[in-house]
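Numbering (my numbering), first residue to last: 15 to 485.
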């Protein structure tokens with residue numbers, strides 16, 4: 015009898031292990047997964063997994079920097095009366111099989127722990143007699159693995175593809191529902207807005223924004239189900255597929271991922287109402303925020319056969335900024351460049367530190383077309399606005415020499431001052447220009463600005479400058 019198969023996949027991304035872990039722990043804290051309160055959806059997930067897979071033990075856990083915390087557990091009493099796991103509901107991280115799932119963000123299936131040196135001498139195997147394990151990652155909508163859903167047995171067993179797909183789908187649905195409930199909870203406990211001074215315009219209807227937020231959250235659960243079922247069918251668990259069927263399933267899955275990113279964008283936009291003028295400053299890792307913005311746009315870039323690359327110069331990465339507004343600013347500016355660039359382009363985001371503050375540069379490069387964007391590709395304005403901008407580039411002598419001029423200059427033409435005029439352009443162009451307007455406003459809220467650098471010959475790029483802020 016051969017050694018049972020152990021299935022473990024690895025993840026490759028541009029982050030260092032330390033940066034990836036820091037980002038994961040931040041998401042873990044923001045979601046409140048280290049709180050001790052009972053979560054009904056997690057209780058349902060462990061009971062369903064144990065019953066459907068015929069496993070005596072099932073755990074749903076959150077993993078921090080040192081321990082695996084059992085948020086829900088079924089069958090721990092089977093490991094012995096008053097055993098330590100049942101009493102403490104935690105396990106040191108170095109003894110947890112689930113850490114391998116978290117690191118890879120993929121399923122781990124161990125059919126017999128005694129057959130593998132990496133697991134045979136573990137605490138779970140030696141002290142508690144665990145012989146079989148199947149674990150699936152708990153992935154947030156942003157792609158972070160914050161924990162696992164697993165089943166365990168005291169005897170060896172074979173896990174089928176159906177077992178794996180069922181556990182994956184259960185983990186995906188339970189995490190999606192938890193995030194939805196957290197968002198609804200945050201909306202309910204949000205403090206009442208302060209009365210704005212009379213000089214300010216009246217605030218937008220808060221009921222409209224709350225309803226929009228809840229409706230977009232409701233979209234997530236069916237979308238997650240559609241993507242999960244498409245993934246199950248694509249693995250040919252229920253029979254072989256033709257090449258055309260696999261092609262259509264890929265389209266369904268990728269379209270679902272793109273729709274999820276749009277839902278998240280709508281949800282974040284709904285929170286940028288008239289009450290969001292004050293900056294919520296905190297110390298943030300600018301590289302991490304850039305990675306989050308890029309991750310959200312990966313599907314949009316892939317649909318256009320493009321890539322998004324981040325580069326960061328050595329120096330201080332911790333800055334006092336409004337994390338949500340900076341991420342929104344980067345998202346819409348990057349989206350504008352993605353929409354403007356041709357297929358095969360690489361959209362680049364470069365972070366550098368200047369004496370006066372932070373500088374973020376965004377542009378596109380193409381192996382055949384060179385670096386930078388044409389001006390028409392950047393803004394797509396009416397001809398009068400182009401002429402006005404080119405005149406300003408020539409008339410601003412001190413800036414023209416450096417090839418820098420504020421985006422506000424290009425958007426100062428009448429066509430850009432009246433938002434109704436965007437209806438004259440196609441939908442993609444209108445969304446791109448509106449996103450650029452929003453990015454400019456978010457930069458200005460931080461006391462910064464967005465500049466256009468370059469010339470018509472080598473091409474243009476966007477430059478965001480942000481001053482160093484203090485509390």
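Ideal placement from N, C-alpha and C gives every residue a C-beta, glycine not left out.
When you compare each of 331, 94, 364 to residue 482 by their alpha carbons, which one comes out closest?
As a position in the chain shown, residue 482 is number 468, starting the count at 1. It is 331 whose Cα lies nearest to the Cα of residue 482.
If the criterion is Cβ atoms closer than 8 Å, does the pair residue 180 and residue 123 meet it?
Residue numbering aside, residue 180 sits at position 166 when the chain shown is read from its first letter. Residue numbering aside, residue 123 sits at position 109 when the chain shown is read from its first letter. No Cβ-Cβ contact shorter than 8 Å links residue 180 with residue 123.
Beta carbon of residue 42, beta carbon of residue 160: below 8 Å?
On the chain shown, residue 42 is found 28 positions in, with the first residue counted as 1. On the chain shown, residue 160 is found 146 positions in, with the first residue counted as 1. Their beta carbons are under 8 Å apart, which means residue 42 touches residue 160 by this criterion.
Quick one: what's got a C-beta closer than 8 Å to residue 306's C-beta in the same chain, skipping five residues either side?
Against the chain shown, residue 306 aligns to sequence position 292. The residues 37, 156, 341, in chain order, have a CB closer than 8 Å to that of residue 306 in the same chain once the five nearest residues on each side in sequence are set aside.
Find the nearest neighbour of residue 5 within the set 95, 143, 152, judged by alpha-carbon distance.
Summary: the structure shown does not reach residue 5, with the chain confined to residues 15 through 485, and so no result is reported for it.
Note down the Cα distance separating residue 109 from residue 130, rounded to an integer number of angstroms.
Taking the chain shown and counting its residues from 1, the one referred to as residue 109 is at position 95. Taking the chain shown and counting its residues from 1, the one referred to as residue 130 is at position 116. So the alpha carbons of these two residues sit roughly 15 Å apart.
Can you say whether residue 265 is buried or exposed, counting buried as having 16 or more other CB atoms within 10 angstroms of its CB?
Counting from one through the chain shown, the residue named residue 265 turns up at place 251. Exposed: under 16 other Cβ atoms inside 10 Å.
Rounding to the nearest angstrom, what Cα-Cα distance links residue 360 and residue 138 in this structure?
The sequence position of residue 360 within the chain shown is 346, counting from 1. The sequence position of residue 138 within the chain shown is 124, counting from 1. Between the C-alpha atoms of residue 360 and residue 138 there is a straight-line separation of about 47 Å.
Within 8 Å (strictly less), CB to CB, does residue 100 reach chain C?
Absent from the structure: chain C. Only one protein chain is present.
For residue 272, collect the residues of the same chain with a Cβ closer than 7 Å to its Cβ; drop the 5 residues on either side in sequence, then sort them by chain order.
Position 258 of the chain shown, counted from the start, is the residue given in the question as residue 272. Closer than 7 Å at the Cβ level, and outside the excluded window around residue 272, lie 313, 314, 317.
List the whole-angstrom C-beta distance separating residue 475 from residue 375, where the pair is believed to meet the contact cut-off of C-beta under 8 Å.
By 1-based counting over the chain shown, the position of residue 475 is 461. By 1-based counting over the chain shown, the position of residue 375 is 361. The beta-carbon distance between residue 475 and residue 375, rounded to whole angstroms, is 6 Å. This is short enough to meet the 8 Å contact definition.
The beta strand (DSSP E) enclosing residue 147, as first and last residue numbers
By 1-based counting over the chain shown, the position of residue 147 is 133. For residue 147, the enclosing beta strand (DSSP E) has its first and last residue at 146-153.
Residue environment, residue 194, which counts as buried when at least 16 other CB atoms sit within 10 Å:
As a working note, residue 194 is residue 180 in the chain shown. The residue is buried, with at least 16 neighbouring Cβ atoms inside 10 Å.
Residue 72 bridges to which residues according to DSSP?
Position 58 of the chain shown, counted from the first residue, corresponds to residue 72. Paired residue(s): 88, 165.
Based on DSSP bridge pairs, tell me the residues matched to residue 307.
Counted from its first residue, the chain shown places residue 307 at position 293. Looking at the DSSP assignment, residue 307 forms no beta bridge with any residue, so it has no partner.
For residue 81, the nearest candidate out of 99, 185, 67 (CA to CA):
Taking the first residue of the chain shown as position 1, residue 81 is located at position 67. Comparing C-alpha distances from residue 81 to each of 99, 185, 67 shows the shortest one belongs to 99.
Any idea what DSSP makes of residue 449, helix, strand or coil?
Within the chain shown, residue 449 is the residue found at index 435, counting from 1. Of the three classes helix, strand and coil, the one that applies to residue 449 here is helix, per DSSP.
Rounded to whole angstroms, what is the Cα-Cα separation between residue 294 and residue 337?
Residue 294 sits at position 280 when you count from the first residue of the chain shown. Residue 337 sits at position 323 when you count from the first residue of the chain shown. Those two C-alpha atoms are separated by around 8 Å.
Relative to the alpha-carbon of residue 339, which residue among 452, 67, 150, 146 has its alpha-carbon at the smallest distance?
Sequence index remark: in the chain shown, residue 339 carries index 325 (1-based). Residue 452 is the option with its Cα nearest to residue 339.
When the distance is taken between beta carbons, is residue 71 closer than 8 Å to residue 90?
For the purposes of this step, residue 90 is taken as residue 76 along the chain shown, with counting starting at 1. For the purposes of this step, residue 71 is taken as residue 57 along the chain shown, with counting starting at 1. Their beta carbons are under 8 Å apart, which means residue 90 touches residue 71 by this criterion.
According to DSSP, what are the bridge partners of residue 299?
The residue given as residue 299 occupies position 285 in the chain shown. BP columns for residue 299 point to 332.
Given this structure, state the Cα-to-Cα distance separating residue 323 from residue 304, to the nearest angstrom.
Within the chain shown, the letter at position 309 stands for residue 323. Within the chain shown, the letter at position 290 stands for residue 304. Using only the alpha carbons, I get a separation of about 10 Å.
Might you give, ordered along the chain, the residues of its own chain that have their beta carbon closer than 7 Å to the beta carbon of residue 238, omitting 5 neighbours on each side?
Indexing the chain shown from 1 puts residue 238 at position 224. 186, 187, 190, listed in sequence order.
Under a Cβ-count criterion, where at least 16 other Cβ atoms within 10 Å of its own Cβ denotes burial, should residue 146 be classed as buried or exposed?
Locating residue 146 in the chain shown gives position 132, where the first residue counts as 1. Classification for residue 146: buried.
Inter-residue spacing [alpha-carbon to alpha-carbon] between residue 379 and residue 362
The count along the chain shown starts at 1 and reaches residue 379 at position 365. The count along the chain shown starts at 1 and reaches residue 362 at position 348. Spanning the alpha carbons of residue 379 and residue 362 requires a straight line of approximately 7 Å.
Apply the 10 Å Cβ neighbour rule to residue 167 and answer buried if 16 or more other Cβ atoms are within range, or exposed otherwise.
By 1-based counting over the chain shown, the position of residue 167 is 153. So residue 167 counts as buried.
Going by CA-CA distance only, name the one from 127, 92, 76 that's closest to residue 113.
As a first step, residue 113 must be located in the chain shown, where it is residue number 99. Ranking 127, 92, 76 by CA distance to the CA of residue 113 puts 76 first.
Buried or exposed for residue 49, please, with buried defined as at least 16 other CB atoms from any protein chain shown within 10 angstroms of its CB.
Mapped onto the chain shown, residue 49 falls at position 35. The residue in question, residue 49, is exposed, as its Cβ has fewer than 16 Cβ neighbours within 10 Å.
Rounded to the nearest angstrom, what separates residue 300 and residue 35 at their Cα positions?
On the chain shown, residue 300 is found 286 positions in, with the first residue counted as 1. On the chain shown, residue 35 is found 21 positions in, with the first residue counted as 1. A direct Cα-to-Cα measurement between residue 300 and residue 35 gives close to 15 Å.
Return the chain-ordered list of same chain residues with a C-beta closer than 6 Å to the C-beta of residue 31, the five sequence neighbours on each side being excluded.
By 1-based counting over the chain shown, the position of residue 31 is 17. Spatial neighbours of residue 31 in its own chain (CB-CB distance under 6 Å, excluding positions within 5 residues in sequence) are not present.
Enumerate in chain order the residues of its own chain whose CB-to-CB distance from residue 111 is below 6 Å, with the five nearest sequence positions on each side excluded.
Here residue 111 refers to the residue found at position 97 of the chain shown. Same-chain partners within the cutoff: 147.
From the DSSP output, in three-state form, read off residue 142 for me.
As a position in the chain shown, residue 142 is number 128, starting the count at 1. In the structure shown, residue 142 sits in coil (DSSP, three-state: anything other than H, G, I, E or B).
Thinking C-alpha only, which one of 377, 242, 86 is nearest residue 468?
Within the chain shown, residue 468 is the residue found at index 454, counting from 1. Residue 468 has its Cα closest to that of 377, out of 377, 242, 86.
Sorted by chain position, which residues of the same chain lie with C-beta nearer than 6 Å to residue 84's C-beta, five sequence neighbours on each side aside?
Taking the first residue of the chain shown as 1, we reach residue 84 at position 70. Within the same chain, and ignoring the five residues on either side of residue 84 in sequence, the residues whose Cβ sits closer than 6 Å to its Cβ are 73, 75, 103.
Going by the CB atoms, is the gap between residue 326 and residue 277 shorter than 8 Å?
One-based indexing of the chain shown puts residue 277 at position 263. One-based indexing of the chain shown puts residue 326 at position 312. Result no, Cβ atoms of residue 277 and residue 326 do not sit closer than 8 Å.
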